[in-house]
Each structure stands twice: as C-alpha cells, then as structure tokens.
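Trainee: In the UniProt record's numbering, the protein residues as written are 1 to 433.
For glycine and all other residues, C-beta sits at the position ideal for the given N, C-alpha and C.
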Amino acid sequence: MDEQPRLMHSHAGVGMAGHPGLSQHMEGTGGTDGDGRKQDIGDILQQIMTITDQSLDEAQARKHALNCHRMKPALFNVLCEIKEKTVLSIRGAQEEEPPDAQLMRLDNMLLAEGVSGPEKGGGSAAAAAAAAASGGGAGSDNSAEHSDYRAKLSQIRQIYHTELEKYEQACNEFTTHVMNLLREQSRTRPISPKEIERMVGIIHRKFSSIQMQLKQSTCEAVMILRSRFLDARRKRRNFNKQATEILNEYFYSHLSNPYPSEEAKEELAKKCSITVSQVQYSVSNWFGNKRIRYKKNIGKFQEEANMYAAKTAVNATNVSSHGSQANSPSTPNSAGSAGSFNMSNSGDLFMSVQSLNGDSYQGAQVGANVQSQVDTLRHVISQTGGYSEGLTASQMYSPQGINANGGWQDATTPSSVTSPTEGPGSVHSDTSN
DNA sequence: CGAAATGATTGACG
DNA sequence: CGTCAATCATTTCG
1 MDEQPRLMHS
11 HAGVGMAGHP
21 GLSQHMEGTG
31 GTDGDGRKQD
41 IGDILQQIMT
51 ITDQSLDEAQ
61 ARKHALNCHR
71 MKPALFNVLC
81 EIKEKTVLSI
91 RGAQEEEPPD
101 AQLMRLDNML
111 LAEGVSGPEK
121 GGGSAAAAAA
131 AAASGGGAGS
141 DNSAEHSDYR
151 AKLSQIRQIY
161 HTELEKYEQA
171 CNEFTTHVMN
181 LLREQSRTRP
191 ISPKEIERMV
201 GIIHRKFSSI
211 QMQLKQSTCE
221 AVMILRSRFL
231 DARRKRRNFN
241 KQATEILNEY
251 FYSHLSNPYP
261 SEEAKEELAK
271 KCSITVSQVQ
281 YSVSNWFGNK
291 RIRYKKNIGK
301 FQEEANMYAA
311 KTAVNATNVS
321 SHGSQANSPS
331 TPNSAGSAGS
341 FNMSNSGDLF
351 MSVQSLNGDS
361 YQGAQVGANV
371 QSQVDTLRHV
381 ISQTGGYSEG
391 LTASQMYSPQ
401 GINANGGWQD
411 ATTPSSVTSP
421 TEGPGSVHSD
431 TSN
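#1: Do lysine 290 and phenylalanine 239 count as a contact pair if the criterion is CB distance below 8 Å?
#2: Can you tell me which of Glu184, Ala170, Arg189, Ser284 puts its alpha carbon nearest to the alpha carbon of lysine 206?
#3: Is the segment 209-223 touching the segment 102-109 in the sense that three or more CB pairs, one from each, lie closer than 8 Å?
#4: Take every Cβ of the segment 251-261, pair it with every Cβ of the segment 298-309, and state whether three or more of those distances are shorter than 8 Å.
#5: Check for me: the alpha helix (DSSP H) holding methionine 104 runs from which residue to which?
#6: Using the rule of at least 16 other Cβ atoms within 10 Å of the residue's Cβ for burial, across every protein chain shown, is glycine 114 buried or exposed?
#7: Considering isoleucine 246, what are the terminal residues of the alpha helix (DSSP H) in which it resides?
#8: Exposed or buried, which one is alanine 269 when buried takes at least 16 other CB atoms within 10 Å?
#9: My output table needs one value for histidine 204: the three-state DSSP class, helix, strand or coil.
#10: Three-state secondary structure (DSSP) at histidine 177?
#11: Out of Cys219, Asn285, Lys271, point me to the one whose CA is closest to glutamine 242's CA.
#12: Report yes if the C-beta distance between cysteine 219 and leucine 111 is below 8 Å; otherwise report no.
#13: Give me the Cβ distance between leucine 153 and glutamine 211, rounded to the nearest whole Å; I'm assuming they're in contact under 8 Å.
#14: How big is the Cα-Cα spacing for valine 178 and serine 282?
#15: Could you check the C-alpha separation between arginine 157 and isoleucine 196 for me, to the nearest Å?
#16: By Cβ distance below 6 Å, which residues in the same chain neighbour asparagine 248 in space, the five residues on each side in sequence not counted?
#17: With a Cβ-Cβ cutoff of 8 Å, do lysine 296 and serine 284 count as a contact?
#18: DSSP on proline 193, reduced to helix/strand/coil?
#19: How long is the line joining the alpha carbons of isoleucine 224 and asparagine 108, rounded to whole angstroms?
#20: Between which two residues does the alpha helix (DSSP H) carrying lysine 235 extend?
#21: Could you tell me the alpha carbon to alpha carbon distance between glutamine 60 and tyrosine 160, rounded to whole angstroms?
#22: What does the Cβ neighbour count give for glutamine 46, buried or exposed, with the cut at 16 atoms within 10 Å?
#23: Starting from cysteine 272 and walking both ways along the alpha helix (DSSP H), at which residues does that stretch end?
#24: I need the straight-line Cα distance from arginine 183 to isoleucine 191, nearest angstrom please.
#25: Under three-state DSSP, which class holds proline 258?
#26: Going by other Cβ atoms of all chains shown within 10 Å of its Cβ, with 16 needed for buried, is isoleucine 292 buried or exposed?
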C-alpha cells in the first residue's frame, strides 16, 4: 500500500530502495541535524498540502506515460524476476510449518464429539452413540437425558458451523479482495503470482488462527456439556425393582458361578431395560458389587437368596415337572441355590464343601454339570414337594463355589454360563455337616 | 437428618 | 481385560 507513491511520484527517485521520497529528502538536504530534518518534513508536508486534483491528474498522466513507455514491459519483467528471487529466498526458510498439533487435536476432538463430523441426520458420532444407547435400553429417562444432551450438542454444533461458515466466507471475501487489489496493482508494480499466493497464505493462516479460537471454545463448550450430562452417568441411578429382580434371579441361580458372560450381560441389560447410560458397565458393576457384598456378608443375603431360590424353583417346576429339563433354555433360571442356612462360619464350610465335592476340579469340570442337573432336580423335587425346611433349608444351598479365601473359584468354564446347562447350581447336598 | 443401601469409580492384580 | 476390594457419592429409608 505504501508503495503506491513510489510509482506515482516516480520522479522522486526510481532507484531508491526504501522510501524514495523521504530518504531522498533526508539525505539530500539536511540529514545532519534535527533542524534540517524538521525542515524536510515541513517541505514534505508542504508538498502534500499542495497536492490538488490537478496534481493528481498530472501524476496519473505521468503514470500512464510511464506505463506506455516502450521499455516498460522489459523493465517490469526484470523487476519481477528480481523480486521473485528475493521472495523465494525469503520464504524458503519459513515455509511449510508443520500442521499445528494443537489444531489437529482440536479437530480430532471435534470430530470425535460429532461436532465437526458429517452434518445431517443425527449422523454424528455422539448422536449415533446416543441412539445406540437408547435403542438398547429403551429407558425412559435415559432417552430424555440423551435428547437433552443431544439438543445441547447440536446447538453447539450449529453455532460452530455457522461461525465457521462465517469465517470461511469472510476469509474468501477478504482473499478475493486482496487478490483483486494485488492484481490491480500488478499492472503498476511487480507482483508475482507467487507473491499473491503468499499473501493468500498469510491471510488463510490468520483466519485459521481465528478458526482455531473458535474450535477451542467449541471444545471447551463440549467438555462442559459432557461433564454436565454424560458424566452424569456418574450420578447414581438405582435400578428399578424389576431390574433388580431379574439381576438377582440370575445371580442366585448362578450362585456358584455368578460371572455372566458378555452376551449374558447384554441379555440381562436388555431384559432390565437399564436406564442409565453406559449399559454395558452397569450390569458388570452390579454383579461385581453383588459378588463382593454377598461374599462379605452372606448371612445378610440369606433371606434374599431363599426368596429367589423359591422363585426359580417354582419357575422350574412350571417348566418341567417331571424333570426332563429343569433348566429352561435361554432363561437362566435353573435351579436356585439359596438357603436359610446360616452361613456365618462359611469359611470352614466352604473348605469342606470343596474337599467333599470336588476333590479336584478337573473332576468337577465334567462332573459339575451333571451334578448340577441332579441337584437341580433334587432341589426342584424337594421344593415342589412341599418345601420342608428341614430338608431343604438346612442342608441345601451353601455358597458352594466359594472357597476358603472367599473366591468363587469354581470349576465350570464361564463359557457355559449363558447356556442353560450352566449352573452347577448346587453341589450342596453332599455337605452334611 | 443420619444411617443404610447401592451404583459407580479407582487401583491392584493376574 | 475382567475381577476384587476399597472407597466415593448419591439415593432411599427410618
């Protein structure tokens, strides 16, 4: 921009590199002392003040004349060449900075959060995840939570996109403006395409730094949103009665090996129509907690265990009264193991159970299932037979699988857990002490 | 309101 | 990676 006067007032000194007009005056007249300088400035101001339309016209005329000079194209080319060289040497060093890591991170995050991803149809990652979650759970408040979250997220998303678009537009506008300007000027001064390119690059960089700010604040917003909503999964939400029922049923009917496989967990989660987000963890959490707490204080759970045992027993009898299969396929209600047994001294008992029953576990491996079937039948029979607590309650369900350390180390491979044949449900009847 | 219950989280471990 | 054990944090209960 400030170079314009150079050619406009080309008479002032074409060869001067810096500021032709000024420098010439300085060097020429009075570069030695302050007074001289002031004088110069005064002169210049004077000149400026006296610029009139006529003088401008005159300048234009001169310019035109210069442009029409026969040597002009050649000179211009030379200038261009020189400039090209210098420009190239200048930018050779500073070009190609690595793609900003920060920006990459932000981009990745925005993409992951579904803010900058594919636009429509709720096709964003977050939305998809939400859909998956709510689809599996079908929980009422779950979807409500999620829709709230999604609404907020899409709000952010929208703002982000509008802003981004705005920036983009402004950037383009400005770029074209500058390019036009430069093209315009390139007729009067040497401007190589490379230079224009560089200018555009600079502009883009500036704008992308602005965009980065936008991305940064968007990221922040998303993080805040997450911490408020998704991390609300940290917020505890009790399972409803039915879900607890189902889980307990499974737990007590698999008391000897209460480690549901992934599929089983999934199944359970589906059945429970779990309401929290993070379905896959909830069931695991539940079983983890249950195992620990059961083991910790078996006595406390006896009543519950009894209850579910009765329940599953009844269930089983309904399915098969003649015992051809006491464990219905696909429903994990095989024979229960619960007991009105007071297990306060459980530790010792377990040992005896182990030694009595398994004597080794490779035997149990095969035997457990058979054994369980038998026990199941016996259990069912005894239950159906009228529930005499003398028989059932006293010697039935000890927490069979639990060993002295309190671990559930039992022989059956977990792979069979889902299948109805699981549940070495009760190895109990041997434990008559 | 305090205690109990209970879902979730964390760190160690194999 | 799943489990255990301890612990946190929230909800429910008396």
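Mentor: In short:
#1: No, they are not a contact pair.
#2: Nearest to lysine 206 by alpha-carbon distance, out of Glu184, Ala170, Arg189, Ser284, is Ala170.
#3: Yes, they touch.
#4: The segment 251-261 vs the segment 298-309: in contact.
#5: Methionine 104: member of the alpha helix (DSSP H) spanning 101-113, first to last residue.
#6: Label assigned to glycine 114: buried.
#7: Boundaries of the alpha helix (DSSP H) around isoleucine 246: 241-253.
#8: Buried, since its Cβ has 16 or more Cβ neighbours within 10 Å.
#9: Helix, per DSSP.
#10: In the three-state reduction of the DSSP assignment, histidine 177 falls in the helix class, which pools H, G and I.
#11: When only C-alpha atoms are compared, the closest one is Lys271.
#12: It is not a contact, given that the beta carbons lie outside the stated cut-off.
#13: The C-beta distance from leucine 153 to glutamine 211 rounds to 20 Å, too long to meet the 8 Å contact threshold.
#14: Take the alpha-carbon of valine 178 and the one of serine 282: they are about 59 Å apart.
#15: Looking at the two C-alpha atoms, the distance is approximately 34 Å.
#16: Within the same chain, asparagine 248 has close Cβ partners Tyr308.
#17: 8 Å or more divides the Cβ of lysine 296 from the Cβ of serine 284.
#18: Note: proline 193 maps to helix in three-state DSSP.
#19: Rounded to the nearest whole angstrom, the CA to CA distance from isoleucine 224 to asparagine 108 is 17 Å.
#20: Here lysine 235 belongs to no alpha helix (DSSP H), and DSSP marks it neither H nor E.
#21: The straight-line gap from Cα to Cα measures roughly 48 Å.
#22: Flag for glutamine 46 reads exposed.
#23: That run of the alpha helix (DSSP H) goes 262-272.
#24: Taking the straight line joining both Cα atoms gives about 8 Å.
#25: Residue state, collapsed to three classes: coil.
#26: Burial call: exposed.
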